[in-house]
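First up is the structure itself, then whatever we jot down about it.
Protein chains: 2
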Amino acid sequence: MSASEAKVLSIGPLPENEAAWIKLSKVTYRDPNGQTRTWESAERRTRPTTSDVDGVGIVALLHTPAGPEIILQKQYRPPIDRISIEVPAGLIDAGETAEQAAVRELREETGYVGVVTETSPIMFNDPGFCNTNLRMIHVSIDPSLPENQNPQPQLEENEFIEVFTAPLATLWDECKKLEAEGYAIDARVGTLAEGVEFAKTLKL
Amino acid sequence: MSASEAKVLSIGPLPENEAAWIKLSKVTYRDPNGQTRTWESAERRTRPTTSDVDGVGIVALLHTPAGPEIILQKQYRPPIDRISIEVPAGLIDAGETAEQAAVRELREETGYVGVVTETSPIMFNDPGFCNTNLRMIHVSIDPSLPENQNPQPQLEENEFIEVFTAPLATLWDECKKLEAEGYAIDARVGTLAEGVEFAKTLKL
Numbered sequence: 038m039s040a041s042e043a044k045v046l047s048i049g050p051l052p053e054n055e056a057a058w059i060k061l062s063k064v065t066y067r068d069p070n071g072q073t074r075t076w077e078s079a080e081r082r083t084r085p086t087t088s089d090v091d092g093v094g095i096v097a098l099l100h101t102p103a104g105p106e107i108i109l110q111k112q113y114r115p116p117i118d119r120i121s122i123e124v125p126a127g128l129i130d131a132g133e134t135a136e137q138a139a140v141r142e143l144r145e146e147t148g149y150v151g152v153v154t155e156t157s158p159i160m161f162n163d164p165g166f167c168n169t170n171l172r173m174i175h176v177s178i179d180p181s182l183p184e185n186q187n188p189q190p191q192l193e194e195n196e197f198i199e200v201f202t203a204p205l206a207t208l209w210d211e212c213k214k215l216e217a218e219g220y221a222i223d224a225r226v227g228t229l230a231e232g233v234e235f236a237k238t239l240k241l
Numbered sequence: 038m039s040a041s042e043a044k045v046l047s048i049g050p051l052p053e054n055e056a057a058w059i060k061l062s063k064v065t066y067r068d069p070n071g072q073t074r075t076w077e078s079a080e081r082r083t084r085p086t087t088s089d090v091d092g093v094g095i096v097a098l099l100h101t102p103a104g105p106e107i108i109l110q111k112q113y114r115p116p117i118d119r120i121s122i123e124v125p126a127g128l129i130d131a132g133e134t135a136e137q138a139a140v141r142e143l144r145e146e147t148g149y150v151g152v153v154t155e156t157s158p159i160m161f162n163d164p165g166f167c168n169t170n171l172r173m174i175h176v177s178i179d180p181s182l183p184e185n186q187n188p189q190p191q192l193e194e195n196e197f198i199e200v201f202t203a204p205l206a207t208l209w210d211e212c213k214k215l216e217a218e219g220y221a222i223d224a225r226v227g228t229l230a231e232g233v234e235f236a237k238t239l240k241l
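First to last, the protein sequences are chains A and B.
In terms of the numbering used here, the first sequence opens at residue 38 and continues consecutively.
In terms of the numbering used here, the second sequence opens at residue 38 and continues consecutively.
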């Protein structure tokens, strides 16, 4: 198996009655001037009715003597036909809190066991285009604990994820390097790195 | 006019033959094990054929004596039926570079004239769901210049954007405050703030 073998073979229209995961909606709305207009929106079909959030992104930090390392993943993504650099993430199951989903997904996708330290506001991925959103959950991992000595992901048979780490302090340079190597940068990773870089450069 | 008057009136299915801006695609791909699978993807119809990027997000910093302020916008977004807190942004016109689009959109949406200082890698908004992407363009604004004394946005008649600024150093707290006030936080703003906060807290 190699993620670099993955490849789009063909792309075609997806008829409404064949779509199981996503859909297009026509939104009729009143604009700030009181005029009625329409907007086109894309949505997931999977958001639990009990939740206002689709999923979680996990900022999992390994606290090493050299400084914090962020856990990242390489994953082939058919919509972009590229291997994407992402934080661990997942959809929230019905009945689960965002924090429970984060701890579960982190363990399943990376094998690491961590403790939630912060929950972000709900962040909207592209609110002019779609309604998908997530909370970023911060998870602290103590690499000296027995359960983190030999982390073993438990992936489903259609999940192909390669886990790696990068120093948080130099993540912006790492993103540029990874793009130059042909990887796609997920917005959460890129923008987080951008914030770190601004704070360092501008001495905030 | 008031953005808080805007409201979704109804949401219904959007038939393929009525969709002008977005579409669903069925992606047939070979997975890393060599098996053929399908994936459902949402896409914009507007990406210029000459470009591999949909748009730009603009991190525009006003350099004030008290420190850098980031330019933000409040904008009603029908897909989420909320007023969203976003960086200035826009689609790239055919024949335009990302940097040209950033300077143009910043001037149109906020009235400010600035200088491009950095271009990010391409960032993918939600690569398990859609192919939409952007580059983040950093723009530096000198508020002492004559052209920035009384910035006047030039909005189209269906654009309703309120411009404001926030100190970059405390953007994370500002995001939490804005969410508590009922605003939706765009992922670019929230994750950038998160990176700044990590760098400050962890002394990166």
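Glycine included, each C-beta is placed from N, C-alpha and C at the ideal position.
From a predicted model like this one, the values you see are computed outputs, not experimental measurements.
- When secondary structure is reduced to three states using DSSP, K214/B falls in the helix class.
- The DSSP assignment places 135-147 as complete runs of the alpha helix (DSSP H) inside the segment 125-192 of chain B, in order along the chain (cut-off: 4 residues).
- The beta carbon of E193/B does not come within 9 Å of any beta carbon belonging to chain A, so the residue lies off that interface.
- Taking the Cβ atoms as the reference, V176/A lies roughly 14 Å from Q110/A, outside the contact range of under 8 Å.
- In this structure, I108/B lies near I178/B, with their beta-carbon atoms less than 9 Å apart.
- For the segment 209-226 of chain B, residues whose beta-carbon sits nearer than 7 Å to a beta-carbon of chain A comprise C212, K213, E216, A221, I222, D223, A224, R225.
- Two segments are said to touch when three or more pairs of C-beta atoms, one from each, lie closer than 8 Å; by this definition the segment 180-196 of chain B does not touch the segment 141-156 of chain A.
- The continuous beta strand (DSSP E) containing V64/B extends over residues 59-67.
- Apart from the 5 residues on each side of it in sequence, P188/B sits with its Cβ closer than 7 Å to the Cβ of T147, G148, Y149 in its chain, given in chain order.
- Runs of the beta strand (DSSP E) lying entirely within the segment 74-124 of chain B, each at least 3 residues long, are 92-101, 104-114, 119-123 in chain order.
- DSSP places L229/B in the uninterrupted alpha helix (DSSP H) bounded by 224-238.
- About 6 Å separates the Cβ atoms of L205/B and L241/A, confirming a contact at the 8 Å cut-off.
- For P105/A, the neighbours in chain B by C-beta distance under 9 Å run, in chain order, F235, L239, L241.
- For L229/A, the nearest beta carbon of chain B is closer than 9 Å to its own beta carbon.
- Listed in chain order, the non-local C-beta contacts of N170/A below 7 Å within the same chain comprise V90, D91, I159, M160, F161, N162, local neighbours out to five positions each way being set aside.
- Shown in chain order are the members of the segment 64-84 of chain B whose Cβ falls below 9 Å from a Cβ of chain A: V64, T65, Y66, R67, D68, P69, N70, G71, Q72, T73, R74, T75, W76, E77, S78, A79, E80, R81.
- Restricting attention to S78/A, V96/A, T101/A, the CA atom closest to the CA of I174/A is found in V96/A.
- A126: these are the residues of the segment 124-145 of chain A whose beta carbon lies less than 9 Å from some beta carbon of chain B, given in chain order.
- The Cβ atoms of V64/A and E53/A lie no closer than 9 Å to each other.
- For the segment 161-190 of chain B, the set of positions with a beta-carbon nearer than 7 Å to some beta-carbon of chain A reads F161, N162, D163, P164, G165, F166, C167, N168, T169, M173 in chain order.
- Shown here for E155/A: same chain residues with a beta carbon closer than 7 Å to its own, the five before and five after excluded, namely H175 in chain order.
- If you look at T207/A, you'll find it isn't in any beta strand (DSSP E); DSSP assigns it neither H nor E.
- The beta carbon of L61/B sits closer than 9 Å to some beta carbon of chain A.
- Taking a beta-carbon distance threshold of 9 Å, V96/A counts as an interface residue toward chain B.
- Beta-bridge annotation (DSSP): S41/A is not paired with any residue.
- Within chain B, the residues D68, P69, N70 have their CB atoms less than 8 Å from the CB of F197/A, given in chain order.
- Beta-carbon to beta-carbon, F235/B and V233/A are separated by about 6 Å, close enough to satisfy the 8 Å threshold.
- Taking C-alpha positions only, I122/A is separated from A224/B by approximately 16 Å.
- For the C-beta of P52/A, the chain B residues within less than 9 Å are, from N- to C-terminus, E53, L61, K63.
- Residues of chain A whose Cβ lies closer than 8 Å to the Cβ of L46/B are, in chain order, T65, Y66, R67, T73.
- Taking CB atoms only, P102/A has no neighbour in chain B less than 9 Å away.
- Under DSSP, the beta-bridge partners assigned to E199/B are K111/B.
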